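Encoded as structure tokens, the structure appears first; notes follow it.
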């Protein structure tokens, strides 16, 4: 689910001195928060176990269960020992989308102001900050249970913090 929200806050709008007001009054701040629950994914096995000509089929749940001491980490996002390769010629019994990737969180902000110039000219300044908190959200892990990298996360789903400055002159 995605919940985009935007907040605008006018800053320093009531400064009395005209010269001071032209520099420090009238700034606006905006913030955007993006939150998404983790993307569902399905554990799979490599190859065509069911012999249907289609690869990446679902495994079976392990009748013995998984590890009792499993701890989620970047090297094992989900417990691959909970699954076993289905017998040849059969489909696995694991339902689709039984696992979730990391929650996505991003906080963006901007500050901007329009400066009135002689005539009808306007100089606009904008500073934009993306992923202000530099929060890391991880991409989905390798979902192939019988691969060496099965369960490993190898990428992030969000870019690192970045800042963008802009000036625009309107005449």
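Numbering (my numbering), first residue to last: 125 to 295. Yeah, the Cβ is synthetic: ideal placement off N, Cα and C, and Gly gets one too. Since the model is a prediction, treat every value here as computed from it, not as a measurement.
Check whether residue i and residue j have beta carbons under 9 Å apart
i           : j           : result
residue 183 : residue 209 : yes
residue 159 : residue 227 : yes
residue 237 : residue 150 : yes
residue 281 : residue 257 : no
residue 215 : residue 167 : no
residue 275 : residue 199 : yes
residue 157 : residue 232 : yes
residue 204 : residue 269 : yes
Residue(s) in a DSSP beta bridge with residue i
i           : result
residue 334 : Shown here, the chain extends from 125 to 295; a query on residue 334 therefore has no answer.
residue 291 : 249
residue 228 : 160
residue 272 : Partner(s): none; residue 272 has no beta bridge.
residue 280 : 262
residue 147 : Beta-bridge pairing links residue 147 to no other residue.
residue 240 : 246
residue 169 : 181
residue 286 : 254
Distance, residue j Cα to residue i Cα
i           : j           : result
residue 286 : residue 213 : 51 Å
residue 147 : residue 239 : 8 Å
residue 225 : residue 254 : 22 Å
residue 165 : residue 222 : 7 Å
residue 201 : residue 251 : 37 Å
residue 235 : residue 289 : 10 Å
residue 284 : residue 278 : 15 Å
residue 291 : residue 264 : 38 Å
residue 163 : residue 247 : 43 Å
residue 152 : residue 294 : 19 Å
residue 179 : residue 249 : 54 Å
residue 259 : residue 161 : 15 Å
residue 220 : residue 245 : 59 Å
residue 196 : residue 169 : 20 Å
residue 218 : residue 190 : 14 Å
residue 155 : residue 229 : 13 Å
Chain C within 9 Å of residue i, Cβ atoms only
i           : result
residue 212 : Given the protein chain composition of this structure (a single chain), no chain C is represented.
Quick one: which unbroken beta strand (DSSP E) runs of 3-plus residues sit fully inside the segment 185-212? Chain order, please.
none
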